[in-house]
Amino acid sequence: MKVKDLEFKKLIAASKIEERIAALAAEINHDYKDKSPILLPVLNGSFMFASDLMKELKIPCRVSFVKISSYSGTASTGQLKTLIGHEESLFNQDVLILEDIVDTGLTLQKIIEELRGLGAKSVEAISLLRKAPAREKKIDVKYVGFDLENDFVVGYGMDYDGLGRNLQDIYKQLGN
Ligand code: IMP
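Here it is as structure tokens:
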């Protein structure tokens, strides 16, 4: 299967994704049974995962989509990344960050730091996929759907140069 100029092959079928998400949701329903968390899906990649996971949650919960914006700061701060889009106050909230994939973990670490600064009561992360570098660096992801090696993947919300997000299954790049 081709996306733009790269060849991919199927890695995780839609039915497996559905099954795994149901199991993750069951864990969250259990762990947050007396709570009312706010889910923060990180755009763009996590929109499908967020939608499917949320439909399986039985606890009262809110959602607010966030995005990471990169901008150049002053000479002293250099390149900064910041979290944008959360309209609700996160003070004293149980926050669940939803990621499509954690690779180096730099994005997630930055988000967790910012949320702690906003006074969230608890901050945990859920990622559908986790790559080897995040495991090696022991990035703090409480709920993980599937562990990968260093595969580059597309589908189920994830893209290659903006393409492939619409695919129902997850595909990995061939010869990588
Ligand atoms: P990190 O900061 O290195 O953990 O990168 C996380 C972000 O990079 C994810 O939220 C994705 O948007 C993107 N990303 C990392 N690996 C892949 C991949 O294999 N396919 C598509 N996007 C990826």
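Counting the sequence shown from 1 gives a position; the working numbering is that position plus 606.
We treat Cβ as the ideally placed atom computed from N, Cα and C, and that holds for glycine.
1. With a cut-off of 8 Å, do at least 3 Cβ pairs link the stretch 762-771 to the stretch 741-749?
2. Per DSSP, Pro666 forms a beta bridge with which residues?
3. When DSSP builds the beta bridges, which residues end up paired with Ile703?
4. Are the CB atoms of Thr710 and Ile674 within a distance shorter than 8 Å?
5. Give me the Cα-Cα distance between Leu612 and Gly781, rounded to the nearest whole angstrom.
6. Give me, in chain order, the residues of the same chain whose beta-carbon lies closer than 7 Å to that of Asn772; leave out the 5 immediate sequence neighbours on both sides.
7. Determine which residues share a DSSP beta bridge with Ile690 and list them.
8. Under the three-state reduction of DSSP, which class applies to Glu624: helix, strand or coil?
9. Assuming Glu720 contacts Ala738 under a Cβ cut-off of 8 Å, what Cβ separation, rounded to an integer in Å, is found between them?
10. Report all residues from its chain with a CB closer than 6 Å to the CB of Val609; omit the five preceding and five following residues, and keep chain order.
11. Could you give the first and the last residue of the continuous alpha helix (DSSP H) run that contains Ile717?
12. With DSSP as the reference, please indicate the residues paired to Gln779 in a beta bridge.
Here's the rundown:
1. No, the stretch 762-771 is not in contact with the stretch 741-749.
2. For Pro666, DSSP records no beta bridge to any residue.
3. When beta bridges are read from the DSSP output, Ile703 appears opposite Leu646, Ala731.
4. Not closer than 8 Å, so no.
5. When rounded, the distance between both Cα atoms is 10 Å.
6. The beta carbon of Asn772 lies closer than 7 Å to none in the same chain, with the five residues before and after it left out.
7. The bridge partners DSSP lists for Ile690 are Lys673.
8. In the three-state reduction of the DSSP assignment, Glu624 falls in the helix class, which pools H, G and I.
9. Cβ-Cβ separation between Glu720 and Ala738: approximately 25 Å, too far for a contact (criterion under 8 Å).
10. So the list reads Val760, Tyr766, Leu769, Gly770, once near-sequence residues are dropped.
11. Boundaries of the alpha helix (DSSP H) harbouring Ile717: 712-723, taken from the DSSP string.
12. Looking at the DSSP assignment, Gln779 forms a beta bridge with Phe614.
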